[in-house]
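Q: Can you keep this structure in mind? I'll have questions shortly.
Number of protein chains: 2
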Amino acid sequence: MAKPVKRNVIMMVSDGFGPASETFARQYHSWKEGSPVNSIVFPLDKILVGQSRTQSSSSLITDSAAGATAFACGIKTFNGAIAVNPDKIPCGTVLESAKIHRHMKTGMVVKSRITHATPAAFSAHIGWRDWENAIAEQQLGYSPLGRTVDLMFGGGLCQFKSNKTEGSCRQDDKDLVQQAKFDFDWDTKTTRKEFDQLDENAKLPLLGLFANQHMNYAIDNDPSIEPSLDEMTEKALSILKKSSQNSKHGFFLMVEGSRIDMAGHINDPMAMYHEILEYQQTIKAVMKFIDQNPDTILISTSDHETGGLTVGRQVTKGYPRYEWDPEPLSRVKNSSEVLSWMWAKAIQDETDTKEYLLDTIIGQGLGLTDVSKLELARLWSWKNSRTDIEFFAIMLSDLVSRRAQIGWTTMGHTAVDVNLYAYGHQAELLRGSYENTDIGSFIVDYLKLDLDDITKRLLDLKALRS
Amino acid sequence: MAKPVKRNVIMMVSDGFGPASETFARQYHSWKEGSPVNSIVFPLDKILVGQSRTQSSSSLITDSAAGATAFACGIKTFNGAIAVNPDKIPCGTVLESAKIHRHMKTGMVVKSRITHATPAAFSAHIGWRDWENAIAEQQLGYSPLGRTVDLMFGGGLCQFKSNKTEGSCRQDDKDLVQQAKFDFDWDTKTTRKEFDQLDENAKLPLLGLFANQHMNYAIDNDPSIEPSLDEMTEKALSILKKSSQNSKHGFFLMVEGSRIDMAGHINDPMAMYHEILEYQQTIKAVMKFIDQNPDTILISTSDHETGGLTVGRQVTKGYPRYEWDPEPLSRVKNSSEVLSWMWAKAIQDETDTKEYLLDTIIGQGLGLTDVSKLELARLWSWKNSRTDIEFFAIMLSDLVSRRAQIGWTTMGHTAVDVNLYAYGHQAELLRGSYENTDIGSFIVDYLKLDLDDITKRLLDLKALRS
Ligand SMILES: [Zn+2]
Ligand SMILES: [Zn+2]
Chain E
20 MAKPVKRNVI MMVSDGFGPA SETFARQYHS WKEGSPVNSI VFPLDKILVG QSRTQSSSSL
80 ITDSAAGATA FACGIKTFNG AIAVNPDKIP CGTVLESAKI HRHMKTGMVV KSRITHATPA
140 AFSAHIGWRD WENAIAEQQL GYSPLGRTVD LMFGGGLCQF KSNKTEGSCR QDDKDLVQQA
200 KFDFDWDTKT TRKEFDQLDE NAKLPLLGLF ANQHMNYAID NDPSIEPSLD EMTEKALSIL
260 KKSSQNSKHG FFLMVEGSRI DMAGHINDPM AMYHEILEYQ QTIKAVMKFI DQNPDTILIS
320 TSDHETGGLT VGRQVTKGYP RYEWDPEPLS RVKNSSEVLS WMWAKAIQDE TDTKEYLLDT
380 IIGQGLGLTD VSKLELARLW SWKNSRTDIE FFAIMLSDLV SRRAQIGWTT MGHTAVDVNL
440 YAYGHQAELL RGSYENTDIG SFIVDYLKLD LDDITKRLLD LKALRS
Chain D
20 MAKPVKRNVI MMVSDGFGPA SETFARQYHS WKEGSPVNSI VFPLDKILVG QSRTQSSSSL
80 ITDSAAGATA FACGIKTFNG AIAVNPDKIP CGTVLESAKI HRHMKTGMVV KSRITHATPA
140 AFSAHIGWRD WENAIAEQQL GYSPLGRTVD LMFGGGLCQF KSNKTEGSCR QDDKDLVQQA
200 KFDFDWDTKT TRKEFDQLDE NAKLPLLGLF ANQHMNYAID NDPSIEPSLD EMTEKALSIL
260 KKSSQNSKHG FFLMVEGSRI DMAGHINDPM AMYHEILEYQ QTIKAVMKFI DQNPDTILIS
320 TSDHETGGLT VGRQVTKGYP RYEWDPEPLS RVKNSSEVLS WMWAKAIQDE TDTKEYLLDT
380 IIGQGLGLTD VSKLELARLW SWKNSRTDIE FFAIMLSDLV SRRAQIGWTT MGHTAVDVNL
440 YAYGHQAELL RGSYENTDIG SFIVDYLKLD LDDITKRLLD LKALRS
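Protein chains in written order, with this note's numbering: chain E, 20 to 485; chain D, 20 to 485.
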């Protein structure tokens, strides 16, 4: 076996981003910039190499847990599985092997809770994605393997706080922030100010959780409150580079554009557009890093498509014209999710007047002044419908999508093959159409990892402890 | 300028075939074959090189005419344009330059009328795609350039028959079949038997029109009546190869899977699946040809997506499961188009009973025994709705798609970037994301063509004649 050379892997996951998402965002962006036909391309367009086929072992349509396990372990598994195989046996991940066998620095940067499916599948093993309390513990090092992650940036502080603290999502009273400091020397940062103070010499292991739950959508975020995905990624890169500088070993960084998917679930075109734009900025920053650090490969792909987005929707009865209209989108100020929370709060506060709905939510929030009586009545009646707030958010999204002639077919995921992008060292080896599991296998080969050995260690140690 | 070497180009257009079409067809096929996850890939999956960005000069969503003109002339133009620029000035095409400058044999094989937008844009120049009577004349050689096509296989005989003949689509009484024989020595074949008798030594120019209008959908076709796309393509390849055998010059063949698009317009998943399967067979045959004739490149892409197909559709009110169901599709026996014609005929013959609708159209045709009273009432009421037959066909398609959880968002086209496939000599040069016009430019470079000179000839001669 050839001796491994120093290499870095940046694995980026654009959760829920399908082929139509790229076209939609590029066309809207070009329109907004007033650019002539075909003059704008996005950073991703410059590095397209192929596609990834995404179905899981349990369904023709994957979820993010099985999708991320395909990248992390190189195996097909069931929807909901966090780095376990179809028999619920833990499977070693590329991040773990990079740490244990290759002594690389390891990091994860996301916009969801850090305990959400995608980052979880690289750094924890459990039979169901919703058990995030346990995932948080494993990610810190309470695991048969010990600590395997050096840096985590994202949201989800609630999973690390005792249930005696406000806003906690834990079932127990463990204060994981304190425990992790004591047991593994984790440094924890939680504010924009602390983020800004971090430089390349930041001490590892480092836990930066800048939101209690998911981080804000880019469309809603006040940059003085939460850093963006590209800011977090640039900082992570500088820290990981510095910390591995005097070592024979490079780093493995997983970056997730987590909330493209969430915008898709709510069928919200503008929340999605701004998440995609932020992801493109991140890609651009990573490409620049690679230009300066050529022993690095960037792989970017999606776990699946979300929402059944199509760039063309028939809104009249007759035969449709071949067009869609970006203009109504340009008036949207906030995500449907935030606007629906505002409405829910108004209901709670008993300030839920038709004026507030019409002027503030629809008028200021969505930029719409032409809602019909029927549309308004549908929104109004949600209060009595006893359905979740998501269904109100979906109705808001639909007001906008309908006017733009943008289509959606589900609140869930779809099966379409997703685009595969790569840049840097040996990126050409990823050209073509692949199963999502092949991407995991590529990283194994690229870094000369041994996932079977990790799997054995996970099982042996489990056996020892029981 | 380097001396051109002998090369063949096979340009294939999968009209209306988007990224989701490939996934849908592959997943259905795998299910039908009872194959385990990820064991089946289609011929196209083996040769994916990138994507094509499809918008036209007049809209974010192209039609087939502007889409084909991008491939043929390498320019963006307006929807409806047949090889003319946005100012309606004719633009020289790759087929014409291949013939005139490179003395190559040229052919077109399609499943639509041969006068339909895609083949028209390679072989005619006119400001509006519907003027198929004039397109037919130009294709035969009644053009400033004279005859530039050597072989045409497809449908559309109606455009070549005098309006004194039954089934003609001409406004005039020109018998183009006779005229073309007299003026340009075109040999015309119109039956399966005549097709079967053609061998590699067939005399050129050769016009094979095996249907009066579009050729049958593969799902409906009786192979003893009409040849399939792969059969026509294989025969065209053998004839073009033989006829260019003793020449320094190769051939240019355009092949179109024309009716994938039409199935998309009717939102008919099974008509689309069978057209895709036939297209894959054709790709396989062309790849085999290239293995034996390595100085050949195959390029396959779509002009645009049709229907807004998504592989995942929410049919219940609550949060959806991540799945779709191929089973209901496997019971479909005919295209919705043919079934709706049967129903229209029953209405005309006054045999339009509820039993006929329920047992023959829905039961035998679609394989459905579980239609609800509401669904039946909707179908029944179409008779009085005064809408086109397409809207009845769409309703039939929807019965099936709904049960399979397959989504559609329009009867028209969408803007999603389409997959780009290539195989053979220099195929690697097409890797990445391109504008559709870049594909035309690639062919120009590959064959060392001069489209500007063709454009000049088109204009000079026009000036001379006026
Ligand atoms: Zn999701
Ligand atoms: Zn079409």
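All residues carry an ideal CB built from backbone N, CA and C; glycine is no exception.
How big is the Cα-Cα spacing for N235/D and E275/D?
A: N235/D and E275/D: Cα-Cα distance of roughly 14 Å.
Q: For ligand 2, is there any heavy atom lying closer than 8 Å to the beta carbon of G35/D?
A: G35/D Cβ: within cutoff of ligand 2.
Q: Between F90/E and L296/D, what straight-line distance do the alpha-carbon atoms span, to the nearest angstrom?
A: Approximately 30 Å between the Cα atoms of the pair.
Q: Return the chain-ordered list of same chain residues with a C-beta closer than 7 Å to the C-beta of A39/D, the five sequence neighbours on each side being excluded.
A: Cβ neighbours of A39/D beyond the five flanking positions: L328, T329 and V330.
Q: Is any beta-carbon of chain E found at less than 9 Å from that of S54/D?
A: Closer than 9 Å: no.
Q: P517/E and L477/E look like a contact to me (Cβ under 8 Å); what is the Cβ gap, rounded to whole Å?
A: Residue numbering for chain E in the displayed model covers 20 to 485; residue 517/E lies beyond these limits and cannot be assessed.
Q: Kindly say whether Q157/E, judged by its beta-carbon, lies nearer than 9 Å to any beta-carbon of chain D.
A: With 9 Å as the cut-off, Q157/E does not count as an interface residue toward chain D.
Q: So, do the region 73-88 of chain E and the region 133-150 of chain E have three or more beta carbon pairs nearer to each other than 8 Å?
A: As far as the Cβ criterion goes, the region 73-88 of chain E touches the region 133-150 of chain E, which means the pair count is three or higher.
Q: With distances taken Cα to Cα, identify the nearest neighbour of S247/D among D287/D, G173/D and Q197/D.
A: Among D287/D, G173/D and Q197/D, the Cα nearest to that of S247/D belongs to G173/D.
Q: With a threshold of 9 Å between beta carbons, is S75/D in contact with chain E?
A: Taking Cβ atoms only, chain E reaches closer than 9 Å to S75/D, which makes this a yes.
Q: I need the boundaries of the alpha helix (DSSP H) containing F179/E, first residue and last residue.
A: Premise fails: F179/E is in no alpha helix (DSSP H) and is neither H nor E.
Q: When you compare only the Cα positions, how much space is there between S131/D and E294/D?
A: Whole-angstrom Cα-Cα distance: 12 Å.
Q: Let me make sure I understand the geometry here. Which of T335/E, N98/E, I302/E and I119/E has the alpha-carbon closest to that of Q424/E?
A: Out of T335/E, N98/E, I302/E and I119/E, T335/E has the C-alpha closest to the C-alpha of Q424/E.
Q: Just to confirm the assignment: which complete alpha helix (DSSP H) runs, minimum length 4, are found wholly within the region 264-325 of chain E?
A: Segments of the alpha helix (DSSP H) lying fully in the region 264-325 of chain E: 278-284 and 288-311.
Q: Measure the C-alpha to C-alpha separation of F308/D and H444/D and round it to an integer number of angstroms.
A: Cα to Cα, the separation comes out at about 12 Å.
Q: Using only the alpha-carbon positions, how far apart do A143/E and L272/E sit?
A: Rounded to the nearest angstrom, the two C-alpha atoms are 16 Å apart.
Q: I want to verify the contact list: residues of chain E whose CB lies under 7 Å from the CB of I80/D, in sequence order.
A: Per Cβ cutoff of 7 Å: G331, Y341, E342 and W343.
Q: Could you please give the first and the last residue of the uninterrupted alpha helix (DSSP H) stretch that includes D457/D?
A: Element bounds for D457/D: N455 to L466.
Q: Between the alpha carbons of K373/E and A221/E, how many angstroms are there, rounded?
A: For K373/E and A221/E, the distance between alpha carbons rounds to 51 Å.
Q: Excluding the 5 residues preceding and the 5 following A412/E in the sequence, name in chain order all residues of the same chain whose CB lies nearer than 6 Å to its CB.
A: So the qualifying residues of the chain are I285, S355, E356 and S359.
Q: Verify the contact flag: D287/E, CB atom, against every heavy atom of ligand 1, threshold strictly below 8 Å.
A: No.
Q: Excluding the 5 residues flanking S266/D on each side, which residues of the same chain have their C-beta closer than 6 Å to its C-beta?
A: Cβ within range, chain order: n/a, list empty.
Q: From which residue to which residue does the beta strand (DSSP E) around G443/E run?
A: That run of the beta strand (DSSP E) goes V437 to G443.
Q: Could you tell me the distance, in whole angstroms, from the CA atom of E156/E to the CA atom of P109/E?
A: Each residue's Cα considered, the two are about 16 Å apart.
Q: Please state whether DSSP places P138/D in a helix, a strand or coil.
A: It is helical.
Q: Our contact map puts V351/D next to M289/D with C-beta atoms below 8 Å; I'd like the distance itself, whole angstroms only.
A: About 4 Å; that satisfies the 8 Å criterion.
Q: Is the shortest distance between the beta-carbon of S452/D and the beta-carbons of chain E less than 9 Å?
A: Chain E, which has a Cβ nearer than 9 Å to the Cβ of S452/D, makes this yes.
Q: Using a threshold of 8 Å, is the CB atom of M30/E nearer than that to any non-hydrogen atom of ligand 1?
A: No, the beta carbon of M30/E sits no closer than 8 Å to any heavy atom of ligand 1.
Q: In chain order, what residues of the same chain have a beta carbon less than 6 Å from the beta carbon of I380/D, not counting five sequence neighbours either side?
A: Closer than 6 Å at Cβ, skipping near neighbours: L358 and W362.
Q: Which residue spans inside the region 407-436 of chain E form an unbroken beta strand (DSSP E) run of at least 3?
A: The region 407-436 of chain E contains no whole beta strand (DSSP E) run of 3 or more residues.
Q: What residue ranges within the region 322-368 of chain D form continuous alpha helix (DSSP H) runs of no fewer than 4 residues, ordered along the chain?
A: Counting only runs of 4 or more, we get 355-368.
Q: Is the closest heavy atom of ligand 1 to the C-beta of T325/E under 8 Å?
A: T325/E: yes, Cβ under 8 Å from ligand 1.
Q: With 9 Å as the threshold, decide whether the Cβ of V32/E is near any Cβ in chain D.
A: Output row for V32/E: interface = no.
Q: Using a Cβ-Cβ cut-off of 8 Å (strictly less than) and excluding sequence neighbours within five positions of V24/D, which residues of its own chain qualify?
A: Here the set comprises D314.
Q: If you measure between the beta carbons of L497/E and Y440/E, is that distance less than 9 Å?
A: The first residue shown for chain E is 20 and the last is 485, placing residue 497/E beyond what the model contains.
Q: Spell out whether any CB of chain D is found under 9 Å from the CB atom of A91/E.
A: False, the Cβ-Cβ gap to chain D never drops below 9 Å.
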